[in-house]
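Input: a single structure, listed below in structure tokens.
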Amino acid sequence: MSDCLFCKIVAKEIPAEIVYETGRTLAFRDINPQAPTHALVIPKAHHADAAALAAADDGLADEVLKTAHEVAVIDGVSEGGYRIVFNTGAAAGQTVFHVHAHILGGRDLTWPPG
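Here is the structure:
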């Protein structure tokens, strides 16, 4: 989508600090980190939210999760623990409507989250 912030990052029209990339996913640092590790993992193809990603039913959701784990490994938080968060819809806090997983780690994460 031409006006989607994350599609522009995928197209390299907007800079981002890339952490990890596969053929179909991209992981980059959040510009407003909430933990020492805070990255976003997105599919390169545009899907509005987690429900749309699940409906695509082509293994892409699995690849997003595998990329999230790789970010945790890269950042050294995979063994101690990390959180993967998908906000789906405005009421859940989604502000960019291109599905993205937040990878959070490197500090104690309380529950409930918000």
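Here UniProt numbering is used: the first residue of the sequence shown is 1, the next is one more, and so on. Virtual Cβ for every residue (Gly too), placed ideally from N, Cα, C.
Between residue 108 and residue 26, the alpha-carbon positions lie close to 26 Å from each other.
Residue environment for residue 103: buried (at least 16 other C-beta atoms within 10 angstroms of its C-beta). Along the length of the UniProt domain "HIT" (5–114), whole alpha helix (DSSP H) runs at least 4 residues long occupy 5–10, 50–56, 60–74, reported in chain order. Cβ neighbours of residue 30 within its own chain (closer than 6 Å, five residues either side excluded): 38, 40. With contacts defined as CB atoms closer than 8 Å, residue 99 and residue 47 qualify as a contacting pair. Cβ neighbours of residue 16 within its own chain (closer than 6 Å, five residues either side excluded): 9, 28.
Going by beta carbons, residue 50 and residue 97 fall outside the 8 Å limit.
Taking C-beta separations shorter than 6 Å and ignoring five residues to either side along the sequence, the partners of residue 70 in its chain run 20, following chain order.
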